[in-house]
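Protein chains in written order, with numbering that gives the first Met the number 0: chain A, 0 to 490; chain B, 0 to 94.
Just so it is clear, CB atoms sit at the ideal spot from N, CA and C, and this is done for glycine as well.
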Amino acid sequence: MTELTQLTLSEARDGLRKGDFSAVELTQAHIKSMETNRDLNVFITEVPGLAIERAKEADHNRSHGKAGALEGLPLGIKDLFCTEGILTTAASHILDGFTPPYESTVTANLKAAGAITLGKTNLDEFAMGSSNESSYYGAAHNPWKRKGDPRYLVPGGSSGGSAAAVAAHTCLGAIGTDTGGSIRQPASFCGVVGMKPTYGRCSRWGVVAFSSSLDQAGPMTRTVRDSAILLAVMAGHDAKDSTSADMPVPDFEAALSGDIKGLRIGLPCEYRPDGLNSDIAALWDKGVGWLKDAGAEVVDISLPHTKYALPTYYIVAPAEASANLARYDGVRFGLRIEGESLDDMYAKTRAAGFGAEVKRRILIGTYALSAGYYDAYYLKAQKVRQLIHQDFVSAFENVDAILTPTTPSSAFPIGENSDDPISMYLNDVFTVPASLAGIPGISIPAGLSSDGLPLGLQLLSKRWDEETLFRVAGVLEEAAGFSGLSIGGEG
Amino acid sequence: MSLDDATVRKIAHLARISVAEKDIAPLAKELSGIMDWIEQLQEVDTSAVEPMTGGADMMLNWRKDAVTDGGHTDKVLANAPESHEGFFGVPKVIE
Chain A
0 MTELTQLTLS EARDGLRKGD FSAVELTQAH IKSMETNRDL NVFITEVPGL AIERAKEADH
60 NRSHGKAGAL EGLPLGIKDL FCTEGILTTA ASHILDGFTP PYESTVTANL KAAGAITLGK
120 TNLDEFAMGS SNESSYYGAA HNPWKRKGDP RYLVPGGSSG GSAAAVAAHT CLGAIGTDTG
180 GSIRQPASFC GVVGMKPTYG RCSRWGVVAF SSSLDQAGPM TRTVRDSAIL LAVMAGHDAK
240 DSTSADMPVP DFEAALSGDI KGLRIGLPCE YRPDGLNSDI AALWDKGVGW LKDAGAEVVD
300 ISLPHTKYAL PTYYIVAPAE ASANLARYDG VRFGLRIEGE SLDDMYAKTR AAGFGAEVKR
360 RILIGTYALS AGYYDAYYLK AQKVRQLIHQ DFVSAFENVD AILTPTTPSS AFPIGENSDD
420 PISMYLNDVF TVPASLAGIP GISIPAGLSS DGLPLGLQLL SKRWDEETLF RVAGVLEEAA
480 GFSGLSIGGE G
Chain B
0 MSLDDATVRK IAHLARISVA EKDIAPLAKE LSGIMDWIEQ LQEVDTSAVE PMTGGADMML
60 NWRKDAVTDG GHTDKVLANA PESHEGFFGV PKVIE
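In structure tokens form, the structure reads like this:
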């Protein structure tokens, strides 16, 4: 029998349907992989006992003709999703011991479809970061290493644990969240497929809130087909999230026709700054060639406000975060540090419970929203955000999708970018604009850097057009022929 | 536009995060670095632009203003560091 952890999610689904193996066998194989990959620190909490129990139920359901779309498939869940009865930390000290009495809508959808939770994956604290180094539970490690260099590299962030878990075959797929690139950037660093749907496609209910006008859940998988399968289950209207879209969820897997003849693909000149990493520029050119060979028409476009996306993001996201994170006060859940008064307790609890990057963002956000600065910063950023959005609206009058690199570099060693916050923020230069515009984006592993690390290409489409995105992504994936890490092996 | 020490003390108080006096000056420098970088937004002419106030381009659904859930006091208090007789426990706030 094929090594079960080597299967893609869709292969495992089909194998379970045919009865080639049981959900218990499939789950046991992944639990073993989770154990042998513990050096990567990708899981904050493992729940092998629960997983086996669920796998037995899945086999029972299948034998009684009641199998859901994901029946018996083991997944990793970013530890930002509230999971009933399972510790949920957001990788923060301030949520010490928090066991949600409810289930997030996205994970409830996965559960209802029969998926199995293996554990909660590591992330940057409150999803604020691009390297997974700000986790209170320690940095997660990328399973890939540079040729001839034994140092551990970051998996990217914030969904670094999910990306690394999928790349290392500890689960068939994982879910992440993307606020400014937190699915796509780690997917690129770890050589997996990372998809951020249109804002509003997935319910945010029960997802620990960071920046509510940007946060969006999405799948992280080893193939585009797997991504389409997971998103179809995750997505859908939810009355408990007023911004979740009340519209039908298409059959994303059916969109993978392999036919992109006549589609128009835009190449934004602003994504090729002077000094763009030569491996990345070359890979982008290759991607253009692949799409042309498949019959797409490639056109140059301009997204003139691109350079303002990062500074806009670093007002909007911290401002929203400063409001969302006001709830961590030592009263209702998590850490409490006693003080001389209620106010003193709040301030001591928050000082001890939040890490440096989270504090930085809360303070920036508080400043941007404070009396006398609101118009100069927050309102200004909201207006520039409108211009960035309009750039995309105009571009999509002329093209069906946009192709760009996902990241300006490949994965870097742990500790390399931690001295200067702005150099860390620059990791998301190609992913943040789409987040601000609320449009969907997907990162496809497309090649290796000269030192042997995965590099991703990003596709963007207009709102609610994930089908076009998956269709083009499938063609790009096929042409790139990227082979991920083999079992427990080196890159 | 830079943040001076007094501004950092003020926003740290507004955010209810205690910051040791020795950390104020380095924090002011770090936050000023970020705000100086953000300052480039002022170059953009936004005089005729409506602010984008959310991530979605849609009308929000209306629903009845009605109680749909509740009565879970035990669950609500289960994660509290301190609770008494169905309430959250906090330090005394009235002298």
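Any C-beta of chain A under 8 Å from that of residue i
{"i": "B:P90", "result": "yes"}
{"i": "B:T72", "result": "no"}
{"i": "B:V66", "result": "no"}
{"i": "B:E49", "result": "yes"}
{"i": "B:S1", "result": "no"}
{"i": "B:R62", "result": "yes"}
{"i": "B:P25", "result": "no"}
{"i": "B:I16", "result": "yes"}
{"i": "B:I37", "result": "yes"}
{"i": "B:I93", "result": "no"}
{"i": "B:E29", "result": "yes"}
{"i": "B:D56", "result": "yes"}
{"i": "B:A77", "result": "yes"}
{"i": "B:F86", "result": "no"}
Contacts around residue i, its chain only, beta-carbon distance under 7 Å, and the 5 residues preceding and following it disregarded
{"i": "A:V431", "result": "G179, G180, A308, L309 and Y312"}
{"i": "A:L368", "result": "A318, S321 and Y377"}
{"i": "A:M194", "result": "I182, G217, P218, S226, L230 and I441"}
{"i": "A:G199", "result": "T242, S243 and A244"}
{"i": "A:N416", "result": "S130, S422 and M423"}
{"i": "A:N60", "result": "A66, E70 and G113"}
{"i": "A:A208", "result": "D214 and N323"}
Buried or exposed (CB count within 10 angstroms, at least 16 for buried), residue i
{"i": "A:F469", "result": "buried"}
{"i": "A:H304", "result": "buried"}
{"i": "A:C268", "result": "exposed"}
{"i": "A:P99", "result": "buried"}
{"i": "B:D3", "result": "exposed"}
{"i": "A:R221", "result": "buried"}
{"i": "A:A284", "result": "Here the sequence assigns Asp to residue 284 of chain A, which means Ala is not the residue at that position. With fewer than 16 other Cβ atoms within 10 Å, it is exposed."}
{"i": "A:Y373", "result": "exposed"}
{"i": "B:E20", "result": "exposed"}
{"i": "A:L25", "result": "buried"}
{"i": "A:D123", "result": "buried"}
{"i": "B:I93", "result": "exposed"}
Beta carbon proximity, residue i to chain B, threshold 8 Å
{"i": "A:I182", "result": "no"}
{"i": "A:F97", "result": "yes"}
{"i": "A:L378", "result": "yes"}
{"i": "A:G329", "result": "yes"}
{"i": "A:L3", "result": "no"}
{"i": "A:F332", "result": "yes"}
{"i": "A:I93", "result": "no"}
{"i": "A:G437", "result": "yes"}
{"i": "A:H63", "result": "no"}
{"i": "A:S301", "result": "no"}
{"i": "A:R224", "result": "no"}
Residues that residue i bridges to, as DSSP identifies them
{"i": "A:P453", "result": "A:L447"}
{"i": "A:T44", "result": "A:K119"}
{"i": "B:G88", "result": "B:G88 pairs with nothing; no bridge assigned."}
{"i": "A:I76", "result": "A:K119 and A:I174"}
{"i": "A:M194", "result": "A:I441"}
{"i": "A:L152", "result": "A:P412"}
{"i": "A:D299", "result": "A:L266"}
{"i": "A:V206", "result": "A:F80"}
{"i": "A:I85", "result": "A:T82"}
{"i": "A:I401", "result": "A:G265 and A:L459"}
Proximal residues to residue i (C-beta, below 6 Å), its chain only, five neighbours per side dropped
{"i": "A:W204", "result": "T104, D237, K239 and D240"}
{"i": "A:G338", "result": "M344 and K347"}
{"i": "A:L86", "result": "T44 and T98"}
Residues near residue i in its chain [Cβ-Cβ closer than 8 Å; skip 5 each side]
{"i": "A:V315", "result": "S210, S212, L213, Y377, A380, Q381, R384 and L435"}
{"i": "B:A79", "result": "F87 and G88"}
{"i": "A:E489", "result": "Note that A:E489 scores a pLDDT of 37, beneath 50, so its modelled location is shaky and nothing firm can be said."}
{"i": "A:G487", "result": "At A:G487 the pLDDT is 46, less than 50, meaning the model places this residue with poor confidence; the figure from the coordinates comes in the next sentence. Here the set comprises S32, T35, N36, A167 and H168."}
Distance cut-off 7 Å: residue i Cβ against heavy atoms of the ligand NAP
{"i": "A:A167", "result": "Questions concerning the ligand NAP fall outside what the structure shown contains, since it holds no ligand whatsoever."}
Report yes or no: do the stretch 150-162 of chain A and the stretch 184-191 of chain A share at least 3 C-beta pairs separated by less than 8 Å? yes
Hey, is the stretch 1-15 of chain A in contact with the stretch 165-173 of chain A, meaning 3+ C-beta pairs nearer than 8 Å? yes
Are the stretch 387-402 of chain A and the stretch 441-453 of chain A touching, with three or more C-beta to C-beta distances below 8 Å? no
Does the stretch 113-124 of chain A touch the stretch 66-75 of chain A, meaning 3 or more C-beta pairs lie closer than 8 Å? yes
Quick check: the stretch 137-156 of chain A against the stretch 393-402 of chain A, are at least 3 beta-carbon pairs closer than 8 Å? no
With three or more beta-carbon pairs closer than 8 Å as the criterion, would you say the stretch 247-262 of chain A touches the stretch 91-98 of chain A? no
Would the stretch 271-282 of chain A count as touching the stretch 2-17 of chain B if we require 3 or more Cβ pairs under 8 Å? no
Inter-stretch contact at 8 Å, needing at least 3 Cβ pairs: the stretch 350-366 of chain A / the stretch 27-45 of chain B: yes
So, do the stretch 405-414 of chain A and the stretch 338-348 of chain A have three or more beta carbon pairs nearer to each other than 8 Å? no
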